[in-house]
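Position 189, counted from 1, in the sequence shown is what my numbering calls 191; the numbers after and before it change by one each time, with no gaps.
Backbone N, C-alpha and C fix where the C-beta goes; we use that ideal spot for every residue, glycine too.
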Amino acid sequence: MKHTRPDAIAVFDIGKTNAKISIHDARNAQLFWEEKQANTPLPGPPYRHHDIDGLWQFCLAQLQKAANEFNITRIVVTTHGATVVVLHDDTVVMPVVDYENEIPAAINARYAALRDPFVQSLSPDLPAGLNIGRQIYALSQTQGDVFDTASDFLLYPQYWAWRLCGVKASECTSLGCHSDLWHPETGEWSNLAKKQGWHRKFPDVKRADAVIGTLLPDIAAQTGISPQCEILCGIHDSNASLVPYIQTMPKPFTLVSSGTWVICFGVGSTATRNLREDRDTLCNVDLDGHAVPSARFMGGREYETLCADARTDFNIDDIDHVIDQCVFAIPSFATAGGPFAGHHGKIENHDLLTTPAHHAALATLYSALMIDYCLGMIGAGGPLILDGPFAQNALLCQILALFRAEQPVHIASGSGGTSHGAALLALAENDTLAPDELLHEIDRELTGARYTNYRHQWFLRLPAR
């Protein structure tokens, strides 16, 4: 009897730390399997940049492998933000800038005079290349001869979609990701983008879930996937995490999307006018083009700094040890972004951390405190959902629930995260999941003033801003 391959959705998910291909059931987006590899940038010359050739070979190899078992009917790409690809016609004309690449101070000074005011762009002035506008301006100043030949700017998810189907598009979740190019509240190009003429080099803006083309014949032949396979426009990764909840939950609600970055979304929050540029609060733009007050910090990166092995086992006794010994991690432990960017982190009473479990406990406490702080800045309300790797840290969830006593705290069921959200974009309109299939409300097992007192003492130690 001939084996029938089940219909499936392929998601190409490029995070800042890892890239992966995941294969999902085309009926309900449940995960069949996934493969990943490290996403390692190249140092240059001419600057730190992404290994797009290595990522492409990984993508093709995994799609070919998947095609042996599944009938892939749609492909969706989701990637980290703050990344733009410069093309001349159908050729990438310069390496794709890694947003952690440092930009010369003189260029930053000139760029500062060109940016829109924060009250219009709701995009904070960020270090390195975390503003796409800053990247583009720096390329115009340092790679002028090549830059002047540019015909197209493609946002990162849409670059990969273009490689798969040959159709160029833009999309609002990446445009609205602290780019300096977009006004989230009006859904229009920024004054910067228009005055520089950059907006004319971006293709038409389409919805993330729009089908923009079908798989190119040569890629279909190489991978064994049907050339009728549809390619979706694609989405910014943290916004992909929002997709299942925007489709199913009433507003307001709060999502904490964890990974290399921890991004806190206040969906339905009215705190837009209270956002502060100097604290790295901003407005993201969701799938439907709505402004979403947000705050973030490089939580995954900081956790790894505080705890060398994220898999280290620890328990409540280790948490109690950190609290009882007054060990505090004071931000920041990453060089990019966050409410305390630029302040060099320190650990008080570091010598009292005598085991790897103590370090993991400190990293967990620190992460819960930082999430709580970020949620306060954006006026987060309604049910709180914790998604991604931090949702698997049971004690972190319990501590956060204690700190956020006014909000029900849920963890995403199953693997959740960006790949699952991206796969949901490719489902038929009526195939969305009910909230009780997505979420699990945690029991509040921790009590006691010792935790809230520790929190108060941590707040008193925060750098003045």
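Item: 4-residue-minimum alpha helix (DSSP H) runs that sit fully inside the region 299 to 327, ordered along the chain; Value: 301 to 308 and 318 to 326
Item: Nearest residue (CA-CA) to residue 309, options 279, 293, 211 and 355; Value: 355
Item: Proximity to residue 135 [Cα-Cα], best of 150, 85, 225 and 213; Value: 85
Item: Whole-angstrom distance between residue 369 and residue 329, CA atom to CA atom; Value: 14 Å
Item: Buried or exposed (CB count within 10 angstroms, at least 16 for buried), residue 88; Value: buried
Item: Within 8 Å, strictly: CB atoms of residue 262 and residue 56; Value: no
Item: Cβ separation of residue 141 and residue 96, assumed to be a contact under 8 Å, to the nearest whole Å; Value: 7 Å
Item: Neighbourhood of residue 533 by C-beta, 7 Å cutoff - its chain only, sequence neighbours within 5 removed; Value: In the structure as shown, the chain begins at 3 and stops at 467. Residue 533 is therefore absent and cannot be evaluated.
Item: Candidates 269, 235 and 260: closest to residue 251 by CA position; Value: 269
Item: Residue 436 burial status per 10 Å Cβ neighbour count (16 or more: buried); Value: In this prediction, residue 436 has a pLDDT of 48, which is less than 50 and means its spatial position is unreliable; what the coordinates show is noted afterwards. The residue is exposed, with fewer than 16 neighbouring Cβ atoms inside 10 Å.
Item: N-terminal and C-terminal residue of the beta strand (DSSP E) that residue 281 is part of; Value: Counting along the chain, residue 281 falls outside any beta strand (DSSP E), and DSSP gives it neither H nor E.
Item: Inter-residue Cα distance where the pair is residue 3 and residue 69; Value: Legend: pLDDT at residue 3 = 40, less than 50; position of this residue unreliable, value from coordinates given subsequently. Rounded to whole angstroms, residue 3 to residue 69 spans 19 Å at the Cα level.
Item: Residue 162 - partner residues in DSSP beta bridges; Value: Residue 162 pairs with nothing; no bridge assigned.
Item: Of the listed residues 314, 319, 302 and 327, nearest to residue 335 (C-alpha basis); Value: 302
Item: Straight-line Cα distance separating residue 394 from residue 401; Value: 13 Å
Item: N-terminal and C-terminal residue of the alpha helix (DSSP H) that residue 58 is part of; Value: 54 to 69
Item: Contact under 8 Å by Cβ, residue 358 with residue 307; Value: no
Item: Coil, strand or helix - residue 112 by DSSP; Value: helix
Item: Under 8 Å between C-beta atoms of residue 425 and residue 82; Value: no
Item: Stretch pair the region 46 to 54 + the region 110 to 122: three plus CB contacts closer than 8 Å; Value: no
Item: Buried/exposed call for residue 432, threshold 16 Cβ in 10 Å; Value: Caution is warranted here: a pLDDT of 45 is assigned to residue 432, below 50, making its placement in the model unreliable, and the coordinate value is therefore given only provisionally. Exposed.
Item: Cut-off 6 Å between Cβ atoms - residues of its own chain near residue 222, not counting five sequence neighbours on either side; Value: 229
Item: Top-ranked residue by Cα proximity to residue 456, from 132, 102, 364 and 445; Value: 364
Item: Short Cβ contact (8 Å threshold) for residue 159 with residue 237; Value: yes
Item: CA nearest to the CA of residue 36, picked from 30, 183, 64 and 9; Value: 64
Item: Unbroken alpha helix (DSSP H) run spanning residue 468, endpoints; Value: Any question about residue 468 goes unanswered here, given that the chain covers just 3 to 467.
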